[in-house]
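Engineer:
4 protein chains.
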Amino acid sequence: MYDLRELTEAVRTFNRDRDWEQFHDAKSLLLALVGEVGEVAELLQWQPAATVREDVKAGRLHTRLAEELADVLLYLVMLADETGVDLGPAAAVKLAATAQRYPASKFRGQAPERQ
Amino acid sequence: MYDLRELTEAVRTFNRDRDWEQFHDAKSLLLALVGEVGEVAELLQWQPAATVREDVKAGRLHTRLAEELADVLLYLVMLADETGVDLGPAAAVKLAATAQRYPASKFRGQAPERQ
Amino acid sequence: MYDLRELTEAVRTFNRDRDWEQFHDAKSLLLALVGEVGEVAELLQWQPAATVREDVKAGRLHTRLAEELADVLLYLVMLADETGVDLGPAAAVKLAATAQRYPASKFRGQAPERQ
Amino acid sequence: MYDLRELTEAVRTFNRDRDWEQFHDAKSLLLALVGEVGEVAELLQWQPAATVREDVKAGRLHTRLAEELADVLLYLVMLADETGVDLGPAAAVKLAATAQRYPASKFRGQAPERQ
Numbered sequence: 001m002y003d004l005r006e007l008t009e010a011v012r013t014f015n016r017d018r019d020w021e022q023f024h025d026a027k028s029l030l031l032a033l034v035g036e037v038g039e040v041a042e043l044l045q046w047q048p049a050a051t052v053r054e055d056v057k058a059g060r061l062h063t064r065l066a067e068e069l070a071d072v073l074l075y076l077v078m079l080a081d082e083t084g085v086d087l088g089p090a091a092a093v094k095l096a097a098t099a100q101r102y103p104a105s106k107f108r109g110q111a112p113e114r115q
Numbered sequence: 001m002y003d004l005r006e007l008t009e010a011v012r013t014f015n016r017d018r019d020w021e022q023f024h025d026a027k028s029l030l031l032a033l034v035g036e037v038g039e040v041a042e043l044l045q046w047q048p049a050a051t052v053r054e055d056v057k058a059g060r061l062h063t064r065l066a067e068e069l070a071d072v073l074l075y076l077v078m079l080a081d082e083t084g085v086d087l088g089p090a091a092a093v094k095l096a097a098t099a100q101r102y103p104a105s106k107f108r109g110q111a112p113e114r115q
Numbered sequence: 001m002y003d004l005r006e007l008t009e010a011v012r013t014f015n016r017d018r019d020w021e022q023f024h025d026a027k028s029l030l031l032a033l034v035g036e037v038g039e040v041a042e043l044l045q046w047q048p049a050a051t052v053r054e055d056v057k058a059g060r061l062h063t064r065l066a067e068e069l070a071d072v073l074l075y076l077v078m079l080a081d082e083t084g085v086d087l088g089p090a091a092a093v094k095l096a097a098t099a100q101r102y103p104a105s106k107f108r109g110q111a112p113e114r115q
Numbered sequence: 001m002y003d004l005r006e007l008t009e010a011v012r013t014f015n016r017d018r019d020w021e022q023f024h025d026a027k028s029l030l031l032a033l034v035g036e037v038g039e040v041a042e043l044l045q046w047q048p049a050a051t052v053r054e055d056v057k058a059g060r061l062h063t064r065l066a067e068e069l070a071d072v073l074l075y076l077v078m079l080a081d082e083t084g085v086d087l088g089p090a091a092a093v094k095l096a097a098t099a100q101r102y103p104a105s106k107f108r109g110q111a112p113e114r115q
């Protein structure tokens with residue numbers, strides 16, 4: 001299921017079936033997302049930066065990481081739906097704006113300074 | 001752009017054009033995602049839970065929230081791509097597993113206990 | 001143990017005894033802190049905003065919350081120590097600066113706008 | 001100001017003077033803490049793991065990091081106060097429990113697996 005609208009629809013059905021929308025105000029959903037991001041962090045925190053790519057692509061860490069990243073996406077989809085944000089177009093617009101702000105010709109190979 | 005594969009491809013091109021993949025180890029991308037989640041939190045933190053839905057759907061907060069949720073998605077897509085996770089199917093699998101774990105007949109109207 | 005210097009010293013000893021300083025670069029410690037913040041979020045996410053104070057002050061949630069907030073503090077102390085930040089004075093300086101930025105006479109009863 | 005009780009008292013006075021306790025339910029304070037953790041993440045995300053220690057200890061990054069870690073501590077103190085958690089003793093108890101769980105003799109030099 002690659003389509004964000006389909007995913008949104010599936011998540012809506014899931015929640016409607018359980019009458020769980022009542023718990024899903026924006027702040028609670030954001031905290032749930034924070035919880036899932038925390039689980040990703042727990043998987044990666046002690047991995048050496050130099051070998052994390054290889055470690056992740058093989059074995060158990062990969063499976064668990066897939067589950068946790070999925071959870072992050074699911075809560076992100078719920079939070080966007082709750083707040084009326086159309087996530088796909090919003091990402092496309094943001095990517096285009098960022099491309100303009102950091103022209104490839106000027107920023108090639110340079111990490112963008114935050115702030 | 002609703003298709004997660006298309007979005008992944010667009011983000012790859014964006015980063016390749018700037019030679020930014022070199023900065024994108026999993027731990028750095030996760031911290032970038034944490035930074036964006038933090039910006040969503042700053043938008044919502046003092047909103048009264050009771051009125052956040054209305055406040056978000058009108059005016060300035062909505063625009064900014066769309067931008068920040070977009071950023072979360074963009075870094076999530078990069079992190080999944082870096083770690084070889086296929087985000088769409090992973091979310092579908094997780095949703096199906098969660099549906100089994102919490103049957104609608106048993107959990108209707110009950111917030112799932114964590115832990 | 002209320003003194004942040006004492007706590008820092010105790011944490012140093014704990015890590016030195018286990019030879020764990022080697023894992024404690026700033027980015028890894030920050031991810032560990034994110035993981036603990038995520039656990040706090042999982043405890044609070046579905047609590048109704050209106051009753052969380054009472055729910056927390058009684059029973060099991062309180063014990064678990066104390067443990068998770070303790071973990072956040074412990075990693076914060078490690079991160080500060082690793083990056084050479086003297087946490088107590090830094091907090092005092094920041095509080096004084098914030099007090100100047102938001103004079104009580106002008107901001108009484110008004111949530112500070114972020115941004 | 002190294003004493004967590006003194007810091008708690010200073011933060012209470014700060015908030016009472018501005019009548020800001022009304023905004024400080026646990027979920028809102030946690031989101032504020034998440035926002036500050038996000039700012040720390042933005043400072044560290046693109047720093048190469050190998051040189052972050054040196055980069056942090058010199059110059060501008062250090063000053064900003066001190067400010068952001070201070071903010072994390074301030075919100076942590078507020079969240080603990082709001083939820084009736086005595087942060088210093090809780091940290092001491094947790095450190096002692098962790099020391100028992102991971103005896104130095106057995107875990108020396110081994111990163112603890114997060115489950």
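Residue numbers (full-length UniProt numbering), protein chains in the order written: chain A, 1 to 115; chain B, 1 to 115; chain C, 1 to 115; chain D, 1 to 115.
Beta carbons are placed, not taken as given, at the ideal position from N, Cα and C, and that holds for glycine.
The structure displayed is predicted, hence computed values, not measured ones.
If we call anything under 8 Å between Cβ atoms a contact, is D3 of chain A one with D19 of chain B?
Structural biologist: The residue given as residue 3 of chain A occupies position 3 in the first sequence. The residue given as residue 19 of chain B occupies position 19 in the second sequence. Against a cut-off of 8 Å, the Cβ pair of D19 of chain B and D3 of chain A comes out as no contact.
Engineer: Under three-state DSSP, which class holds Q110 of chain D?
Structural biologist: Locating residue 110 of chain D in the fourth sequence gives position 110, where the first residue counts as 1. Residue state, collapsed to three classes: coil.
Engineer: Which residue comes first and which comes last in the alpha helix (DSSP H) that contains A97 of chain C?
Structural biologist: For the purposes of this step, residue 97 of chain C is taken as the residue at position 97 of the third sequence. Going by DSSP, A97 of chain C is part of the alpha helix (DSSP H) stretching over L87 to R101.
Engineer: Is it right to say K27 of chain A is buried, meaning 16 or more other beta carbons lie within 10 angstroms of its own, or is it exposed?
Structural biologist: Taking the first sequence and counting its residues from 1, the one referred to as residue 27 of chain A is at position 27. K27 of chain A is buried by the Cβ-count criterion.
Engineer: How many angstroms separate the CA atom of P112 of chain C from the CA atom of Y102 of chain C?
Structural biologist: Walking along the third sequence from the start, residue 112 of chain C turns up at place 112. Walking along the third sequence from the start, residue 102 of chain C turns up at place 102. Each residue's alpha carbon lies about 8 Å from the other.
Engineer: At a Cβ cut of 9 Å, what residues of the region 11-25 of chain B count as close to chain D, listed as they run along the chain?
Structural biologist: F23 and D25
Engineer: Could you check which residue in B:L95, B:T51, B:L30 and B:L73 has the C-alpha nearest to that of G88 of chain A?
Structural biologist: For the purposes of this step, residue 88 of chain A is taken as the residue at position 88 of the first sequence. Of B:L95, B:T51, B:L30 and B:L73, the residue nearest in Cα terms is B:L73.
Engineer: Would you list the one or two residues that DSSP bridges to D3 of chain B?
Structural biologist: Here residue 3 of chain B corresponds to residue number 3 of the second sequence, with the count starting at 1. Looking at the DSSP assignment, D3 of chain B forms a beta bridge with A:D3.
Engineer: Does DSSP classify Q45 of chain B as helix, strand or coil?
Structural biologist: Your numbering for residue 45 of chain B matches position 45 in the second sequence. The answer is coil: DSSP assigns Q45 of chain B none of H, G, I, E or B.
Engineer: Nearest chain B C-beta to E39 of chain A closer than 8 Å, yes or no?
Structural biologist: Reading the first sequence from its first residue, position 39 is the one you call residue 39 of chain A. Closer than 8 Å: no.
Engineer: For L85 of chain D, decide whether its Cβ has a neighbour in chain B, counting only Cβ atoms nearer than 8 Å.
Structural biologist: Here the question's residue 85 of chain D lines up with position 85 in the fourth sequence. Residue identity differs from the one stated: residue 85 of chain D is Val in this sequence, not Leu. By this cut-off, V85 of chain D is not an interface position.
Engineer: Please list the residues of the region 46-71 of chain A that have a C-beta atom closer than 7 Å to any C-beta atom in chain D, keeping them in chain order.
Structural biologist: W46 and A49
Engineer: Determine, using beta carbons only, whether residue 117 of chain C comes closer than 8 Å to chain A.
Structural biologist: The structure shown does not extend to residue 117 of chain C, since chain C spans only 1 to 115, so no value can be given for it.
Engineer: Can you name the start and end residues of the alpha helix (DSSP H) that T63 of chain C belongs to?
Structural biologist: Start at 1 with the first residue of the third sequence, and residue 63 of chain C comes out as number 63. Counting along the chain, the alpha helix (DSSP H) containing T63 of chain C begins and ends at R60 to E82.
Engineer: Is there at least one Cβ from chain A nearer than 8 Å to K27 of chain D's Cβ?
Structural biologist: Here the question's residue 27 of chain D lines up with position 27 in the fourth sequence. Closer than 8 Å to some Cβ of chain A, the Cβ of K27 of chain D qualifies, so yes.
Engineer: Is E68 of chain C closer than 8 Å to V40 of chain C when the C-beta atoms are compared?
Structural biologist: Counting from 1 along the third sequence, the entry for residue 40 of chain C is found at position 40. Counting from 1 along the third sequence, the entry for residue 68 of chain C is found at position 68. Going by C-beta atoms, V40 of chain C is nearer than 8 Å to E68 of chain C.
Engineer: List, in chain order, every chain D residue whose beta-carbon is nearer than 7 Å to that of L31 of chain B.
Structural biologist: Here the question's residue 31 of chain B lines up with position 31 in the second sequence. Going along chain D in sequence order, the residues near L31 of chain B (Cβ under 7 Å) are A41, L44 and Q45.
Engineer: Name the residue from B:L61, B:V77 and B:V52 whose alpha carbon lies nearest to the alpha carbon of A32 of chain B.
Structural biologist: By 1-based counting over the second sequence, the position of residue 32 of chain B is 32. Of the candidates B:L61, B:V77 and B:V52, the one whose C-alpha sits nearest the C-alpha of A32 of chain B is B:V77.
Engineer: Would you mind telling me which residues of chain B sit closer than 8 Å to A111 of chain C, beta carbon to beta carbon, in chain order?
Structural biologist: Within the third sequence, residue 111 of chain C is the residue found at index 111, counting from 1. Correct list: W46.
Engineer: By Cβ distance, which residues of its chain are closer than 8 Å to T83 of chain C, with the 5 residues on each side in sequence left out?
Structural biologist: If you number the third sequence from 1, residue 83 of chain C lands on position 83. The beta carbon of T83 of chain C is closer than 8 Å to those of A26 in its chain, skipping five residues each way along the sequence.
Engineer: Measure the C-alpha to C-alpha separation of Q22 of chain C and R53 of chain A and round it to an integer number of angstroms.
Structural biologist: Taking the first residue of the third sequence as 1, we reach residue 22 of chain C at position 22. Taking the first residue of the first sequence as 1, we reach residue 53 of chain A at position 53. Taking the straight line joining both Cα atoms gives about 20 Å.
Engineer: For chain B, find out if any of its Cβ atoms is closer than 8 Å to the Cβ of V93 of chain C; answer yes or no.
Structural biologist: On the third sequence, residue 93 of chain C is found 93 positions in, with the first residue counted as 1. It does not: the Cβ of V93 of chain C has no partner Cβ on chain B nearer than 8 Å.
Engineer: So, at 6 Å on beta carbons, what are the nonlocal neighbours of A80 of chain C in its own chain, with the 5 sequence-adjacent residues on each side left out?
Structural biologist: For the purposes of this step, residue 80 of chain C is taken as residue 80 along the third sequence, with counting starting at 1. Closer than 6 Å at the Cβ level, and outside the excluded window around A80 of chain C, lie L87.
Engineer: What first and last residue would you give for the alpha helix (DSSP H) that runs through D25 of chain C?
Structural biologist: Taking the third sequence and counting its residues from 1, one reaches residue 25 of chain C at position 25. Premise fails: D25 of chain C is in no alpha helix (DSSP H) and is neither H nor E.
Engineer: According to DSSP, simplified to helix, strand and coil, what is A19 of chain B?
Structural biologist: As a first step, residue 19 of chain B is located in the second sequence; it is residue number 19 there, counting from the start. In the sequence on display, residue 19 of chain B carries Asp and not Ala. Reduced to three states, the DSSP call for D19 of chain B is coil.
Engineer: Name, please, each residue of chain C whose Cβ falls closer than 7 Å to the Cβ of R108 of chain D.
Structural biologist: Sequence index remark: in the fourth sequence, residue 108 of chain D carries index 108 (1-based). Ordered by position in chain C, the residues that pass the 7 Å Cβ test against R108 of chain D are R18 and D19.
Engineer: Alpha carbon to alpha carbon, what distance is there between A66 of chain C and A90 of chain D?
Structural biologist: Taking the fourth sequence and counting its residues from 1, the one referred to as residue 90 of chain D is at position 90. Taking the third sequence and counting its residues from 1, the one referred to as residue 66 of chain C is at position 66. Near 6 Å, if we compare the C-alpha coordinates of A66 of chain C and A90 of chain D.
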